[in-house]
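**Q** Before anything else, here's the structure in question.
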Amino acid sequence: MKEKISAVTWDKVKAISFDLDDTLWDNSGVIEKCEHELYQFLGRKHPPFKEHYTIESMHRVSEQFIAQDIPHFDNMTTLRKAVIEHMLLETAGDLNLVNQAFAVFYYWRNQIQIPQVTYQLLETLKQKYSLFAVSNGNSNLYWLGLMDYFEKHFIAGVDGRAKPSAEMLHKVCALKNIEPQELLHVGDNHDTDIQSSINADCQHLHIDVNDIEQLKNHVTAL
């Protein structure tokens, strides 16, 4: 990990973009909890739903929507509402439940424990760099108390195609009027975060939430 952090050309960096899930916090089990609560809610409000769907088959519907590769489904809020609507239509349910069901999902989507070291890292970096969140997910940084650290949260399907597309990272560069090599993107996923950085010709740092302490110590010493 020390080698990865040291490989960044820090004197070129003017802005840093962060992935969120599993980079700034541990997201393990969060989506599973969301889907469980969504399933239970729809089953209570519309009993035929549970006769037709299991949690596993509900998840497969989401995968089928994602596989369509339709740009607006890059946005997880749009995708999730479309999936809920589809399942209610399939079971002759009341479409007025769509927003209620999504609200249940979204509440649990944001029940996340933010490590103290994440706050410390962002506070340190904010003194030296422009910070941005660039995510394929739909967590709410205002609810999580993190938005004050970032100049903007770029959200897939709203601000560009999902990573590994370079689109959102290019928009960060355009917003700050910087060259791609002056942007460092930090993320845990090689197929999305690192590949999008390569596609955008930005610098990248491949770390996850377990490496945040080391990164904080390094940037504090810069």
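Start counting the sequence shown at 237; every next residue gets the next number (my numbering).
Ideal Cβ positions, reconstructed from N, Cα and C, are used throughout, including at glycine.
Quick caveat: nothing in here was measured; it's all calculated off a predicted structure.
Would Gly-373 be called buried (16 or more neighbouring beta carbons within 10 Å of its own) or exposed?
**A** Gly-373 is buried by the Cβ-count criterion.
**Q** Mind reading off the beta-carbon distance from His-442 to Lys-248? Whole number of angstroms is fine, and I expect it under 8 angstroms.
**A** Incorrect: roughly 18 angstroms between the Cβ atoms, too far for contact.
**Q** Does the separation of the CB atoms of Asp-310 and Ala-436 fall below 8 angstroms?
**A** Cβ distance not < 8 angstroms, so Asp-310 and Ala-436 don't count as in contact.
**Q** Tell me, please, whether the region 360 to 371 touches the region 402 to 413 by the rule of three or more beta-carbon pairs shorter than 8 angstroms.
**A** Yes, the region 360 to 371 touches the region 402 to 413.
**Q** Based on Cα-Cα distance, which residue from Met-294, Arg-345, Ile-306, Tyr-343 lies nearest to Glu-321?
**A** The option with the nearest alpha carbon to Glu-321 is Met-294.
**Q** Okay, do the region 372 to 391 and the region 256 to 268 touch, 3+ Cβ pairs below 8 angstroms being the bar?
**A** The answer is yes - the region 256 to 268 touches the region 372 to 391, with three or more Cβ pairs under 8 angstroms.
**Q** Within a Cβ cutoff of 7 angstroms, which residues of the same chain sit near Val-319, ignoring the five residues on either side of it in sequence?
**A** Closer than 7 angstroms at Cβ, skipping near neighbours: Val-297, Ser-298, Phe-301.
**Q** Tell me whether Asp-305 sits in a helix, a strand or coil according to DSSP, three-state version.
**A** Looking at Asp-305 - three-state DSSP - the assignment turns out to be coil, as it is neither helix nor strand.
**Q** DSSP puts Ala-369 in a beta bridge; with which residues?
**A** In DSSP, Ala-369 forms a bridge with Phe-254, His-389.
**Q** My understanding is that Asp-258 touches Asp-427, with C-beta atoms under 8 angstroms, so please give their C-beta distance in whole angstroms.
**A** So it is not a contact: roughly 13 angstroms between Cβ atoms.
**Q** CA-CA distance, Glu-403 and Ile-267?
**A** Near 26 angstroms, if we compare the C-alpha coordinates of Ile-267 and Glu-403.
**Q** Report all residues from its chain with a CB closer than 8 angstroms to the CB of Gly-333; omit the five preceding and five following residues, and keep chain order.
**A** Looking at the sequence itself, residue 333 is Leu, so the reference to Gly does not match. Closer than 8 angstroms at Cβ, skipping near neighbours: Leu-278, Lys-281, His-282, Ile-320, Leu-324.
**Q** Return yes when the Cβ of Lys-362 is within less than 8 angstroms of the Cβ of Tyr-378, no when it is not.
**A** No, they are not a contact pair.
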